Structure formats: structure tokens, C-alpha cells
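All remarks here apply to the structure that follows.
Now the structure itself:
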């Protein structure tokens with residue numbers, strides 16, 4: 002095997018050792034015409050190993066310089082390739098807002114602040130015939146990734162460090178921060194700040210039928226598992242607990258309320274009333290309020306829905322009483338109308 006220089010064949014000592022094993026196995030001699038190396042002699046083999054060590058060292062130095070250059074470029078806020086975020090296009094290591102897609106990004110953030118629902122936003126965009134660059138339909142996960150991306154406020158994340166970018170922001174910082182607060186509140190039951198900050202489906206609606214006060218969310222921990230409840234707030238403040246309602250598992254009461262709301266939405270009277278007021282076909286309403294709607298809605302969405310439908314939900318020892326909000330049907334009609342426009 003004859004080469005002009007060793008580093009034209011390999012700069013890795015490990016890789017070249019494998020090549021040498023292959024050459025020896027097949028009785029092949031190696032020769033570099035400009036470096037006077039010939040592996041047919043012991044001196045040539047020694048010189049070869051020395052030169053390969055220097056070649057590998059040079060390769061590592063080059064790699065470190067490239068890495069340092071990348072880090073320096075990142076710290077200057079430059080865009081160094083990779084997947085270009087939706088709403089931008091890349092040119093000369095810089096991101097520029099796309100005239101059409103950037104408006105869609107603004108719409109996504111604004112609608113999220115208003116609706117708090119990635120699922121609803123995805124549905125609206127698909128209904129309006131708007132598609133991502135891939136051409137596939139929007140989905141809630143993609144909407145959530147856009148909302149969480151700091152690139153849209155003119156920043157770049159690199160190795161857990163936030164760096165000001167040289168690109169133009171698409172979204173106002175206050176809108177982005179409001180969106181992040183909503184994202185945090187929509188994480189079901191996982192709040193380091195304690196139960197008072199928890200956003201759950203029945204917050205502000207569930208009442209104790211014995212004491213008349215609010216039933217508030219709380220969790221307890223046993224081992225590595227958390228158990229979630231609603232408890233009588235007034236009873237928790239008493240020196241001696243005496244409320245017969247006390248507390249109830251969150252899954253038990255939330256499932257019961259969800260089933261009750263689902264039954265209301267499935268009544269012919271309710272569907273026909275909405276259809277008459279909105280012009281939406283009854284079949285479309287049934288498709289909209291399908292099983293997936295109730296299963297996939299997050300705590301914030303359910304809380305908004307229950308708050309519009311129920312004035313309050315009264316939990317007694319052996320029953321649940323529902324007080325329907327008379328103005329709630331109108332609010333729901335307006336919501337459904339807006340979502341189908």
C-alpha cells in the first residue's frame with residue numbers, strides 16, 4: 002500500500018492500528034513516499050507509530066478548535082444549522098421571520114393565551130387549511146413545542162444556557178411568559194409550590210354539602226406514589242375534624258362530574274339547542290364532543306368547561322348535587338361557534 006502522506010489515509014491511531022492488523026494479516030507492506038516509511042522494517046514501523054501519534058494529536062486539536070468556534074458563534078447568537086424552527090427561514094447563519102408562517106406563530110401564542118388548549122389551536126389551524134412545512138396536519142404536541150421554544154422571543158438555548166440571538170423575535174416577551182405560566186399550570190397535579198397553586202378540573206366549583214365551603218385539592222405521598230384528593234377547607238381549619246364529607250379521591254369525583262357533563266352534552270335537547278343557535282349540524286356536534294374530547298382535555302380545559310356549565314357542584318355524604326349555570330349554556334354556545342368559524 003503506497004500513499005503520499007500517512008494522514009491522507011487516516012489520522013486516528015486506533016483506526017490505523019486496525020488497518021495495520023489487516024495489512025499484516027494479508028501480508029501487505031505500507032509505504033509513505035514523502036515520509037520515508039516502510040513497514041517492512043522494524044525502524045519503519047516505529048516511525049510510523051510516532052507519526053500516527055502526531056497525526057491523531059493534530060486531529061484532536063482541530064476538533065477542539067472547531068468546537069470552540071461553534072461555541073463562540075453560539076454565544077454570539079448565530080444560527081449554525083439544524084432544523085429551522087417554524088416561522089423562520091435561515092440564511093447566512095441567521096434566522097429571518099417568514100412573512101406568512103411568522104403570523105401563524107403569533108396566532109398560536111395569542112390563541113393559547115386565550116384558550117389554553119393546544120388541541121383546540123391545532124383543530125382551528127387544520128380547519129383553516131393551514132399546514133406546517135411538512136404538509137401534515139397540526140397536532141397538540143407540535144403546538145406545545147412551538148409554545149415552549151425560546152427562539153420566538155429572540156433567544157437561543159445552548160447547553161442549558163440562554164443566549165440572546167441576533168435574529169428578530171416573532172412573539173412579544175410578555176405574551177411568551179404568559180404562555181409559559183399557562184403551560185406550568187396545565188401540568189396535572191405536579192406543583193412544587195404546594196396544593197394552593199394546583200390547577201385541577203373542579204377547582205373553585207366543588208363545595209362541601211355539609212359545611213358549605215370549598216373543597217380544595219391536595220395530595221399525599223406514600224413511598225414514591227402520590228394520592229390526590231379534594232378536602233373540605235373549613236374542616237381542615239378546625240381543631241377537631243367533624244365534617245362527615247371530609248375528603249374524596251380526585252379520580253372518583255372528577256370521573257363522576259365528567260360523566261354527568263358528558264350526559265348533558267349528549268342530550269337531544271342540548272344538542273338541538275346549540276345547533277339551532279349556531280347553525281352547526283347535530284352530527285358535527287356529536288363528533289366534536291366525542292369520547293376523545295373528554296379523555297384528552299387537560300385539567301385547565303375541563304375546569305373552564307365545568308365552570309361554564311355548573312354554578313357549583315355540591316358533594317354530600319351519599320350523593321352529588323349539580324347546580325346548572327343558566328348563563329353557562331350561552332357561553333358554551335359562543336365557544337362552540339367560535340371554534341367552528
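Numbering (my numbering), first residue to last: 2 to 342. Each residue gets a CB set at the ideal place from its N, CA and C atoms; glycine is no exception. Because the structure is a prediction, the values reported are computed rather than measured.
Beta-carbon separation (whole angstroms), residue i vs residue j, contact threshold 8 Å
i           : j           : result
residue 117 : residue 301 : 5 Å
residue 246 : residue 318 : 6 Å
residue 151 : residue 163 : 7 Å
residue 176 : residue 111 : 7 Å
residue 88  : residue 102 : 5 Å
residue 233 : residue 248 : 7 Å
residue 283 : residue 273 : 7 Å
residue 286 : residue 276 : 6 Å
residue 299 : residue 201 : Residue 299 to residue 201, Cβ: 10 Å. No contact.
Segment limits, beta strand (DSSP E) that includes residue i
i           : result
residue 216 : 216 to 223
residue 98  : 95 to 98
residue 318 : From DSSP, residue 318 is part of no beta strand (DSSP E); its letter is neither H nor E.
residue 109 : Where residue 109 is concerned, there is no enclosing beta strand (DSSP E), although the alpha helix (DSSP H) it sits in stretches over 102 to 116.
residue 86  : Neither: residue 86 is in no beta strand (DSSP E) and is coded neither H nor E.
residue 207 : 207 to 209
residue 164 : 162 to 165
Test item: CB-CB of residue i and residue j under 9 Å
i           : j           : result
residue 204 : residue 217 : yes
residue 206 : residue 311 : yes
residue 307 : residue 263 : no
residue 227 : residue 315 : no
residue 106 : residue 147 : yes
residue 91  : residue 119 : no
residue 139 : residue 157 : no
residue 26  : residue 97  : no
residue 31  : residue 4   : yes
residue 322 : residue 213 : no
residue 132 : residue 126 : yes
residue 154 : residue 173 : yes
residue 215 : residue 229 : no
residue 309 : residue 326 : yes
residue 244 : residue 236 : yes
Terminal residues of the alpha helix (DSSP H) in which residue i lies
i           : result
residue 343 : With the chain covering 2 to 342 only, the question about residue 343 has no answer from this structure.
residue 300 : 300 to 310
residue 126 : 119 to 128
Short CB-CB distance (under 9 Å) between residue i and chain B
i          : result
residue 65 : Looking at the structure shown, chain B is missing, and only one protein chain is on hand.
Report the residue ranges of all alpha helix (DSSP H) runs contained in full by the stretch 226 to 287; include only those spanning at least 4 residues, in chain order. 234 to 237, 251 to 267, 269 to 279
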